[in-house]
């Protein structure tokens, strides 16, 4: 089975999707066979990879509800070894449809276990809420990557998320681990970024990745071109930061697997 990493934060706009698609791209470039599962109803990961909404035959919505097999929804990107299960706006209503399903928290895990055996890594782009959809992602995952925007209000959301992760670990997924916290939208010219970094590193210690993702206009521009920033502008500071972050993620993976 592949290693499954959920990219989650209850707060929106913190860089979850950007982190998901660019870490996946760097993993694929390193020779890993990677699948991204877009579970956000907004479908930003799908859009960021240039996947046309009108051309989607099946989505993570149907996979989650058991109406389609994972293999029916997989779309290959222009990047070798990188495929994606696109999102659907219908995911916004999946909460209601999952309520009456038996073992509803395990629906995604069941789908991945059955059909995703040929991947090295699966990265799940979670919605910015603790819905049943997000719970499914955390139950299916081996570990969670938490992007954290460098502002004080973001700290409150992460504290709540860590509490939720521990609850899910206790009730549904004993092996779930916090993979790490990645600081995003870091502005070295701003004292606030440094203050937030100091607080986060003090609280989470070694769980915070050494790499920080800078505020970078090329990162912001890339999704409008349907490309991860690594393809849009490989030499920009944002791309280089994501390459460095992926190196840390893969190194930490070896440590987690060895434990």
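Numbering (the working numbering), first residue to last: 4 to 262. Yeah, the Cβ is synthetic: ideal placement off N, Cα and C, and Gly gets one too. All values reported here derive from a predicted model rather than from experimental measurement.
Where residue i sits in the DSSP three-state scheme
i	result
residue 128	strand
residue 195	helix
residue 150	strand
residue 189	strand
residue 183	strand
residue 11	coil
Short Cβ contact (8 Å threshold) for residue i with residue j
i	j	result
residue 5	residue 189	no
residue 179	residue 147	yes
residue 86	residue 46	no
residue 118	residue 162	no
residue 135	residue 111	no
residue 129	residue 10	yes
C-alpha distance - residue i paired with residue j, whole-angstrom precision
i	j	result
residue 262	residue 200	28 Å
residue 164	residue 83	33 Å
residue 225	residue 235	6 Å
residue 44	residue 66	14 Å
residue 23	residue 103	30 Å
residue 153	residue 26	19 Å
residue 172	residue 55	36 Å
residue 243	residue 96	38 Å
residue 76	residue 31	19 Å
residue 36	residue 29	11 Å
residue 52	residue 80	7 Å
residue 137	residue 106	15 Å
residue 240	residue 7	27 Å
residue 184	residue 12	10 Å
residue 198	residue 205	11 Å
residue 62	residue 15	22 Å
residue 216	residue 191	11 Å
residue 41	residue 175	22 Å
With 16 other Cβ atoms within 10 Å as the buried cut-off, status of residue i
i	result
residue 227	exposed
residue 214	buried
residue 155	exposed
residue 151	buried
residue 92	exposed
residue 177	exposed
residue 223	exposed
residue 256	buried
residue 3	This structure leaves residue 3 out entirely; the chain is present only between 4 and 262.
residue 38	buried
So within the stretch 31–97, which uninterrupted beta strand (DSSP E) runs reach at least 3 residues, ignoring any that extend past its ends? Correct list: 37–41, 85–88.
Considering only residues of the stretch 212–237, which uninterrupted alpha helix (DSSP H) runs meet the minimum length of 4 residues and lie entirely inside it, listed in chain order? 220–224, 232–235
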